[in-house]
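Some notes on the structure that comes next.
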Amino acid sequence: MTCTKYHQKAHLDNKTSSFKCYECNESSIETIPRCHFQAQLTDHRGSLIAKLFGENAEKFLNCTAKELIHIPNINSTT
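In the UniProt record's numbering, the protein residues as written are 1 to 78.
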């Protein structure tokens, strides 16, 4: 999740059940989902890790972060 004010990563504070922004350190912030993933690209010369964030990641996957949240996790044990 991302802080809507600073567009920085936010984490869930388990004590307050609210999100806290890493940038501004504020609690109970409004958040939006943000896509972030990495892929290993390999050819005959070697490999590298590519990291994609935000709009670039959404364009690559052809769906939004909000849509990704609703895709079931195939590795889920529940």
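Positions of the beta carbon are idealized from the N, C-alpha and C atoms, including for glycine. Here the structure is a predicted model, which means the values were calculated and not measured.
For this session: Report the rounded CA-to-CA distance for His36 versus Met1, giving the unit in angstroms.
Result: Taking the straight line from one Cα to the other gives about 10 Å.
Exercise. Under a three-way DSSP split, which group does Ile49 fall into?
Worked result: The three-state reading of DSSP puts Ile49 in strand, counting E and B together.
For this session: Identify every residue that forms a DSSP beta bridge with His36.
Result: DSSP output for His36 lists Phe53 as bridge partner(s).
For this session: Report yes if the C-beta distance between Ile29 and Phe19 is below 7 Å; otherwise report no.
Result: Result yes, Cβ atoms of Ile29 and Phe19 sit closer than 7 Å.
Exercise. What do you reckon, are the CB atoms on Lys51 and Gln38 nearer than 7 Å?
Worked result: A contact, by the Cβ cut-off of 7 Å.
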